[in-house]
Amino acid sequence: MVRKVLSYVGVTVAILLLVQTMTVTYQLSKIDSGLAKSLDSTSRLLSIQRSIIQKNEHLQEVVSTTKAMDQQLGQTLRATETVHVHIARINDLNASTLKLNQEMVQYGNKSSGDLLIISQEMSRLTHAMGELHSVLGKLSYWIEQDQSHLEQIKGYTEQMNQKTPGVTP
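Residues 35 to 203 (the numbering used here) are what the sequence shown spells out, left to right.
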């Protein structure tokens, strides 16, 4: 009889140990699943960070393009100021010409020289405007690229937020 009781007690203890082992195994599998999801999210985050770093490298090109554009605008400004000065001089000469028809030949020669200078400055201005147009085209291209990359990053972030428990968009 004592043996039967001991055997029942032994079986009961074995069953309890088995149930406890199953419970621990179940909890460990949940922890493993959570760690796997966390690892996957971390991998995606690293991928996104690499993408952000790569996009930031393009910012240097935008900065250099902007600097080049600034230089071209400086040249354009100087050429425009020179043209403005010469146009003002021509206006002065024309006013004097109206008053003094006798001196028209002298002032005409001076105007001719000024017009030659204006023509040269206009040629430089045309060249500078062409370069400025090219620089603006490049800047537009990089802005479109950055916008596309930022939309991709936003999509990845939304995917991660949906898969991460407790995060609401």
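Don't be surprised by glycine CBs; every beta carbon is placed ideally from N, CA and C.
These numbers were taken from a predicted model, which means no experiment stands behind them.
It is roughly 14 Å from the alpha-carbon of G164 to the alpha-carbon of A113.
G164 carries a helical assignment under DSSP once its states are collapsed to helix, strand and coil.
T198 sits in coil when the DSSP states are folded into three classes, being neither helix nor strand.
Nearest neighbour of N90 by Cα position, chosen from L40, M194, I151, Q181, turns out to be Q181. In this structure, the alpha-carbon of E192 lies about 10 Å from that of T198. Between the alpha carbons of S174 and L73 lies a distance of about 38 Å. Here the alpha carbons of T160 and I177 stand approximately 26 Å from one another. Excluding its 5 nearest sequence neighbours in each direction, T110 has C-beta neighbours in its own chain below 6 Å: A162, listed in chain order. Shown here for I124: same chain residues with a beta carbon closer than 7 Å to its own, the five before and five after excluded, namely S145, D148 in chain order. Judged by beta-carbon spacing, M103 lies within the 8 Å limit of L166, meaning their Cβ atoms are closer than that value. Taking C-beta atoms under 8 Å as the contact rule, V169 and Q106 qualify, at a distance of about 6 Å.
Within the same chain, and ignoring the five residues on either side of K101 in sequence, no residue has its Cβ closer than 6 Å to its Cβ.
With contacts defined by Cβ atoms closer than 8 Å, R78 and M156 do not form a contacting pair. Annotation: L40 to L51 spans about 16 Å, alpha carbon to alpha carbon. Here Q179 has H92 as same chain residues with Cβ atoms under 7 Å from its own Cβ, once five neighbours each way along the sequence are excluded. Between I187 and I82, the gap from beta carbon to beta carbon is short of 8 Å.
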